[in-house]
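Residue numbers (the working numbering): 2 to 111. Here the structure is laid out as structure tokens; the discussion comes afterwards.
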């Protein structure tokens, strides 16, 4: 069984963290856009003429509450992904440094 080098393991781990973080960042963006749209629709009209008010009255406020809760949940999950993204970048950088160091040492061995 061939043992993998440290640089390959760091690069692999960094790519996994990076992928998780970037996926969660997409969730963050979609949730922020959903919340923005809810607020935009809510402020389009005033009082009983607001489309959000009309939609919420006919659904018993459950649909609007569901959308707002869903966007808040997505925002919190997306914000948890930010550290994963930067940890992934960190590991990929360390893996690249280890790879360059290994290749430099191999060149000097002759």
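The C-beta atom is built at its ideal place from N, Cα and C for all residues, glycine as well. Note that the structure is predicted; figures quoted are calculated from it, not measured.
DSSP state of residue i mapped onto helix, strand, coil
i          : result
residue 18 : helix
residue 5  : coil
residue 45 : coil
Which listed residue (the options) has its alpha carbon closest to that of residue i
i          : options         : result
residue 28 : 77, 45, 84      : 77
residue 20 : 93, 103, 41     : 93
residue 69 : 88, 16, 39      : 39
residue 35 : 12, 45, 25, 75  : 75
residue 11 : 102, 31, 97, 73 : 97
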